Structures are given as C-alpha cells and as structure tokens.
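Structure first, commentary second.
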Amino acid sequence: MRNLSDVKVGDTLYDCGIRSDTRQNRKPRTLYVHKVARKYIYASTSETFDPKSYTNERIDRTFGRTDGWMGYTVYRSEEHYKEMVYRKELCAKIQPMFGNSYTVNVPEITTENLKAIAAILGIEE
C-alpha cells in the first residue's frame, strides 16, 4: 500500500512525522517531489529545490520510507494516512476473533471489505 512507484515530479507527499519505533516523532509536513530516480524519490519541504538544503529527503520508492535507520514513513496524502490508521484499528478489532497475536497484519483488501467483515462479526456497523 505504500508503494510510491508512480509518483512524478511536482507531486506532494505527506510525512506524518511518526517513526516506526515512535521514540522520535516530529510535526507532520508536506513534501514536494523534485526528483524521481530508479530507487529513490527526492523531496523537500519547499516548493523550490535547493540542493544544499537540509530539508531534502531521500525516500525509498518501494517502501515509502525515508533514508536512514528507522526512517519515517511517507504517504501520498493526509487522507491516505488517516485511512491506513483506520484500517489498522479495524484489523486490531477483528483479529481477536481469529486468535491473538502480538502484531496486527492489515490484509491487502479494500477498506469497504474490511468494514463488511467487521459488520458480519458484529464488531462495527
């Protein structure tokens, strides 16, 4: 779901500012794509590209994660991020019906299908 392979120069991306280990969160921000390479997307917080600016980010196109250890995840838009959070919460409610696990895996199905599953199980209407 975080595959950014079709992003083009001029598109905007949303950085929610939450790192995967949640120890070093920051304010959400909008990133403007300035360069698209084979493996990485180069974006910054300003609409004009400055190669010497510290706000430049290198983002992996396959995983949507910024460069570096425990990088930040970047999404296509704020709405896409909010939908992902909703899907994760809904899966966390559905999961105990099929056995407990320490991690929540969100399947690659649509949000409407997840809502239908939750309605059938009587979790959410």
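Under my numbering, the first residue of the sequence shown carries the number 591, and numbering increases by one thereafter. Cβ coordinates follow ideal geometry from the N, Cα and C atoms, glycine included. Owing to the predicted nature of the structure, the values given are computational and were not obtained by experimental measurement.
Own chain residues within Cβ distance below 8 Å of residue i, not counting five before or after
i, result
"residue 714", "680, 683, 705 and 708"
"residue 691", "685"
"residue 602", "620, 621, 622, 623 and 667"
Beta-carbon proximity of residue i to residue j, cut-off 8 Å
i, j, result
"residue 634", "residue 615", "no"
"residue 599", "residue 625", "yes"
"residue 649", "residue 656", "yes"
Nonlocal neighbours in the same chain, by C-beta distance under 7 Å from residue i, ignoring five residues either side
i, result
"residue 617", "607"
Nearest candidate by alpha-carbon position, reference residue i, set the options
i, options, result
"residue 669", "613, 596, 640 and 620", "620"
"residue 611", "659, 695 and 689", "659"
"residue 687", "696, 638 and 712", "712"
"residue 654", "640, 636 and 623", "623"
"residue 671", "689, 693 and 701", "701"
Cβ-heavy atom distance, residue i to the ligand FAD, below 7 Å
i, result
"residue 697", "The ligand FAD is not part of the structure shown, which contains no ligands of any sort."
Cβ shell of residue i (< 6 Å), same chain only, five flanking positions each side left out
i, result
"residue 595", "651"
Return the chain-ordered ranges of every beta strand (DSSP E) run that is complete within the segment 658-709 and spans a minimum of 3 residues. Qualifying beta strand (DSSP E) stretches, in chain order: 662-665.
I'd like to know if the segment 597-606 and the segment 655-665 are in contact, where contact means that at least 3 CB-CB pairs between them fall below 8 Å. Yes: at least three Cβ pairs fall under 8 Å.
Counting beta carbon pairs with one atom in the segment 667-676 and one in the segment 623-642, are three or more of them shorter than 8 Å? The segment 667-676 and the segment 623-642 do not touch, with fewer than three beta-carbon pairs separated by less than 8 Å.
Where are the beta strand (DSSP E) runs, 3 residues long or more, that stay fully inside the segment 598-650, in chain order? Counting only runs that start and end inside the segment 598-650, the beta strand (DSSP E) elements of at least 3 residues fall at 602-609, 619-626, 630-634 and 647-650.
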